[in-house]
Amino acid sequence: MSIGVFLALGSNLGDSAAILRLASNELSVFSKTELIASSIWKSSPEGFTSEVPEFFNAVIYITVEMPPEVLLDEVLLLEKKLGRMRGKKTKKYSSRLIDIDIIDYGGLIYKSDKLTLPHPRARYRQFVLRPLIEIKPDFCFPDSSDSLNQLVVNAEPNRMESISQLIPLG
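With the first letter of the sequence shown counted as 1, position 11 gets the number 115 in this note's numbering; the numbers rise by one all the way through.
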């Protein structure tokens with residue numbers, strides 16, 4: 105049985121738009137249906153204590169036939185393949201070539217040592233909510249009755265602009 109999954113992509117190092125496109129292309133391999141993608145959004149960094157480059161963000165929707173923790177393992181392998189370096193966490197926030205978060209896995213509410221679903225901070229982040237509205241405006245987190253529009257109003261302000269399509273047209 106196929107499960108619909110929303111993934112958030114982010115990058116603020118290197119050619120971030122190209123990295124997001126490459127990541128979405130790699131993730132489409134897992135999808136049993138055609139990948140659906142938001143635009144690429146540029147946003148100011150949140151939570152950093154020093155000056156860092158702006159982030160490029162997007163949200164994609166795929167359907168998979170694998171358990172959530174297997175998908176997480178595949179996502180972590182892809183991040184590593186694309187140059188993400190993970191080590192001991194010394195800082196809460198750091199710049200990165202690629203970051204891929206599982207935002208929602210078929211409406212599942214789930215918690216383990218490795219994974220929490222839905223993503224616990226997604227509903228507070230403009231850089232997730234605004235791209236998500238583009239591809240699924242009526243989406244609701246399974247543990248909340250708030251609409252995406254209401255969550256955007258309640259989220260921390262962040263300067264954002266839609267800059268290009270994630271999937272090149274034509």
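Heads up, the beta-carbon is just placed ideally off N, CA and C, and yes, glycines get one too.
- For residue 237, the enclosing alpha helix (DSSP H) starts and ends at 230-239.
- Within its own chain, no residue has a Cβ closer than 8 Å to the Cβ of residue 257 once the five positions on either side in sequence are excluded.
- Per the Cβ contact rule, the segment 183-191 is not in contact with the segment 218-233 (fewer than 3 Cβ pairs under 8 Å).
- Under the 8 Å Cβ criterion, the segment 245-262 does not count as touching the segment 126-145, having fewer than three qualifying pairs.
- Residue 262 has its alpha-carbon roughly 15 Å from the corresponding atom of residue 156.
- DSSP places residue 122 in the helix class (H, G or I) of the three-state scheme.
- Taking residue 250 as reference, the option from 235, 169, 227, 166 with the minimal CA-CA separation is 227.
- In this structure, the straight-line span from the alpha carbon of residue 123 to that of residue 247 is close to 32 Å.
- One Cα belongs to residue 130, the other to residue 120, and the distance between them is close to 15 Å.
- In this structure, the beta-carbon distance from residue 115 to residue 233 does not fall below 8 Å.
- Beta-carbon to beta-carbon, residue 177 and residue 110 are separated by about 18 Å, too far to satisfy the 8 Å threshold.
- Secondary structure at residue 161: strand, using DSSP grouped into helix, strand and coil.
- A residue is called buried once 16 or more other Cβ atoms fall within 10 Å of its Cβ, and residue 213, having fewer, is exposed.
- When rounded, the separation of the alpha-carbon atoms in residue 167 and residue 244 is 18 Å.
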